[in-house]
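In what follows, a single structure is set out as structure tokens and then discussed.
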Amino acid sequence: MFRCYPPKGCAYVYPMSLPSTPVRGTGGVADPLVVIDHIDKHFGELHVLRDISTTVARGEVVVVIGPSGSGKSTLCRAINRLETIDSGSISIDGIRLPSEGRELAALRADVGMVFQSFNLFAHKTVLQNVTLAPMAVRKVSKKEAERRGMELLDRVGVANQAAKLPAQLSGGQQQRVAIARSLAMDPKLILLDEPTSALDPEMINEVLDVMVSLAKDGMTMIVVTHEMGFARKAADRVVFMADGRIEEQATPEEFFSNPQSPRAKDFLSKILAH
Ligand SMILES: Nc1ncnc2c1ncn2[C@@H]1O[C@H](COP(=O)(O)OP(=O)(O)OP(=O)(O)O)[C@@H](O)[C@H]1O
Ligand SMILES: [Mg+2]
Numbered sequence: 478m479f480r481c482y483p484p485k486g487c488a489y490v491y492p493m494s495l496p497s498t499p500v501r502g503t504g505g506v507a508d509p510l511v512v513i514d515h516i517d518k519h520f521g522e523l524h525v526l527r528d529i530s531t532t533v534a535r536g537e538v539v540v541v542i543g544p545s546g547s548g549k550s551t552l553c554r555a556i557n558r559l560e561t562i563d564s565g566s567i568s569i570d571g572i573r574l575p576s577e578g579r580e581l582a583a584l585r586a587d588v589g590m591v592f593q594s595f596n597l598f599a600h601k602t603v604l605q606n607v608t609l610a611p612m613a614v615r616k617v618s619k620k621e622a623e624r625r626g627m628e629l630l631d632r633v634g635v636a637n638q639a640a641k642l643p644a645q646l647s648g649g650q651q652q653r654v655a656i657a658r659s660l661a662m663d664p665k666l667i668l669l670d671e672p673t674s675a676l677d678p679e680m681i682n683e684v685l686d687v688m689v690s691l692a693k694d695g696m697t698m699i700v701v702t703h704e705m706g707f708a709r710k711a712a713d714r715v716v717f718m719a720d721g722r723i724e725e726q727a728t729p730e731e732f733f734s735n736p737q738s739p740r741a742k743d744f745l746s747k748i749l750a751h
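Numbering-wise, my numbering comes out as the position in the sequence shown, counting from 1, plus 477.
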């Protein structure tokens, strides 16, 4: 079964059920940025990613949801090559992910990653957290890195915290710094793995607002989140994973109003019951 996506103009088509209708190559996407082609991953006996294929277009916002243990984080980590894969391939902007070395470092610099647990450098100031990688990896001058760093901190609403250490900031502020830090590398793609799930409720929205504004600005994003409001507001596509597979994928409107698989129906009934 196929569904049209995005709704306006129905520019391309995603198979709803994998692997029975696998996407090969770019899956018909006009401007593919990330091409995931038949990847498998085991942790010992555990088969955590099962024949995953999907293509993310440039500028597309994909929300990945699914039960705990379904492989969402592993998929994100594989895209950033923090995890190896057993078979299949992942390409970013036409370049297949190399296994190691300088090319991998270059490719990884193009992919921003924001984790649930902010992972800021504790002994560096907020501004230093944002300027370190551009200076070390992109060889940007300190002056230029600081100018751009302040611009990005301002964009996420924490410019007035620049001289502080991360521990002096709230969780929501720290996560916004983590987003600014990943933007400082001018990534082609940002992966966010449950960026709000460690936050107190009152701080969730300030982070989601930044994410929505990034999405509106055309940033390509893969976001693991159970924040359905974000998915409805900003996602072009929802990918539902269960047991290491992509069980179904559709526009947020279609997915939330008319989930197809029993797993997705069951999952939605549980999270919407909260
Ligand atoms: N480094 C590892 N070694 C062994 N098993 C692992 C490792 N990382 C993850 N797993 C297992 O792989 C499976 C998928 O884990 P993953 O973290 O990708 O799930 P998830 O969908 O992100 O779950 P959650 O919603 O709880 O974050 C789980 O069964 C997990 O226990
Ligand atoms: Mg996870």
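From the three backbone atoms N, C-alpha and C, an ideal C-beta is built for every residue, glycine too. Quick caveat: nothing in here was measured; it's all calculated off a predicted structure.
Burial state of residue i (16 or more Cβ within 10 Å)
{"i": "Arg-722", "result": "buried"}
{"i": "Pro-678", "result": "exposed"}
{"i": "Pro-614", "result": "One point to set straight first is that residue 614 is Val, not Pro, in the sequence displayed. By the 10 Å Cβ count, Val-614 comes out exposed."}
{"i": "Ser-659", "result": "buried"}
{"i": "Ala-599", "result": "exposed"}
{"i": "Gly-521", "result": "exposed"}
{"i": "Gly-589", "result": "buried"}
Residue i, enclosing beta strand (DSSP E) - first and last residue
{"i": "Val-512", "result": "509 to 520"}
{"i": "Met-718", "result": "714 to 719"}
{"i": "Met-662", "result": "That residue, Met-662, is in no beta strand (DSSP E); it is neither H nor E in DSSP."}
{"i": "Arg-527", "result": "523 to 534"}
Endpoints, the alpha helix (DSSP H) within which residue i is located
{"i": "Met-705", "result": "705 to 711"}
{"i": "Arg-722", "result": "Careful: Arg-722 lies outside any alpha helix (DSSP H), inside the beta strand (DSSP E) at 722 to 727."}
{"i": "Asp-631", "result": "619 to 632"}
{"i": "Leu-584", "result": "579 to 586"}
{"i": "Asp-686", "result": "678 to 693"}
{"i": "Ser-550", "result": "549 to 556"}
Chain-order list of residues whose beta-carbon lies under 8 Å from that of residue i (same chain, five-residue window excluded)
{"i": "Lys-619", "result": "Thr-608 and Met-612"}
{"i": "Val-689", "result": "Phe-707, Lys-710 and Ala-711"}
{"i": "Met-610", "result": "Met is not the amino acid found at residue 610; the sequence shown has Ala there. Excluding residues within five positions, the ones whose Cβ falls inside 8 Å are Ala-586, Arg-658, Ala-661 and Met-662."}
Residues near residue i in its chain [Cβ-Cβ closer than 7 Å; skip 5 each side]
{"i": "Ala-719", "result": "Gly-543, Pro-544, Ser-547 and Arg-740"}
{"i": "Ala-636", "result": "Met-627 and Leu-630"}
Beta-carbon proximity list for residue i, same chain, < 6 Å, skipping 5 on both sides
{"i": "Pro-499", "result": "Bear in mind that the predicted position of Pro-499 carries a pLDDT of just 33, short of 50, making it unreliable; the figure below should be weighed with that in mind. Ser-530, listed in sequence order."}
Straight-line gap, residue i to residue j (C-alpha atoms, nearest Å)
{"i": "Phe-732", "j": "Ala-640", "result": "44 Å"}
{"i": "Asp-686", "j": "Met-680", "result": "10 Å"}
Cβ contact check for the segment 705 to 718 and the segment 621 to 638: 3 or more pairs under 8 Å | Counting C-beta pairs closer than 8 Å gives fewer than three between the segment 705 to 718 and the segment 621 to 638, which falls short of the contact rule.
Take every Cβ of the segment 647 to 655, pair it with every Cβ of the segment 566 to 583, and state whether three or more of those distances are shorter than 8 Å.
-> Taking 8 Å as the limit for Cβ pairs, the verdict is that the segment 566 to 583 does not touch the segment 647 to 655.
Inter-stretch contact (C-beta, 8 Å, three-pair minimum) for the segment 509 to 519 and the segment 564 to 571 = Three or more beta-carbon pairs separated by less than 8 Å link the segment 509 to 519 to the segment 564 to 571, which places the two stretches in contact.
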